[in-house]
Amino acid sequence: MRFPRFLPVLLAAALPTASALANPADRAQIPMMPPPPPQSPPTADDKGSSSGSGSGGGSASSSAVPLADILGTNRALTSFSSFARMHASTSSLLADHSAKTTVLAPLNSAIEALPRKPWEDPRDYDALGEQAYDGSGGESRADANLRRFVEAHLVRVSPWREGEKAPTVGGRLIWWADQKSGKRVILPDGIEVEKVASTVANGEVWTLKGVLNYT
């Protein structure tokens, strides 16, 4: 099977730039940035409210940065971040300060553990065989499948209360609960939340140890 043509772009986005790491002497020649201006003490509105965290600990908070900017800074989420940026609909949603969203981002390790690539659908292979993702038609199918994968992990609510059934961008109702063991899980799939990684202007980023149902 040939991989979709967008795969090299995806991989390039997920990997650090080699030139930025190559020569320490080059980095030393970059002029230092001027010190930032003094900041005013945070107000009550700036502090906001967090939904808490799972077993992994607390979250980083910023009242001005959108989800689109913070998601790509987490090295454990580079795969999901790249997928989200590939589609205008999801990329613009994460950049929209007025759209409150909870991002349920699977860890790179969770995506790598999948039995198939996120853009593959067994139904496509059943209908079209091994050539399901060849040609322009195959690329369109792969692109649609990948968008569906991302949309299954974006919840249209933030803050998101325990037990509150909320729709994903893909249209599925899900909710979460803290278990007696101390673990937080996304239901009905039972996927464990590692932690609430970030709280920003337009929502939160939760890291998941698994992948939600997206087919």
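In case it helps, mature numbering (1 follows the signal peptide of the UniProt record, and there is no 0) puts the sequence shown at residues -22 to -1, 1 to 193.
For each residue, glycine too, the CB sits at the ideal point set by N, CA and C.
- A residue is called buried once 16 or more other Cβ atoms fall within 10 Å of its Cβ, and G181 is buried on that count.
- Bounds of the beta strand (DSSP E) holding S176 are 169 to 178.
- Listed as beta-bridge partners of W184 by DSSP are L82, V174.
- Between the stretch 103 to 120 and the stretch 76 to 90, the count of Cβ pairs shorter than 8 Å is below three; the stretches do not touch.
- Contact check for L132 against D167 fails: the beta carbons are separated by 7 Å or more.
- Where A155 is concerned, the enclosing beta strand (DSSP E) starts and stops at 151 to 156.
- Taken in chain order, the complete alpha helix (DSSP H) segments of 4 or more residues contained in the stretch 96 to 138 are 100 to 106, 113 to 129.
- Residue range 56 to 63 is occupied by the alpha helix (DSSP H) that includes R63.
- Note that the C-beta distance between D102 and R126 is not below 7 Å.
- For L190, there is no enclosing alpha helix (DSSP H), as DSSP gives it neither H nor E.
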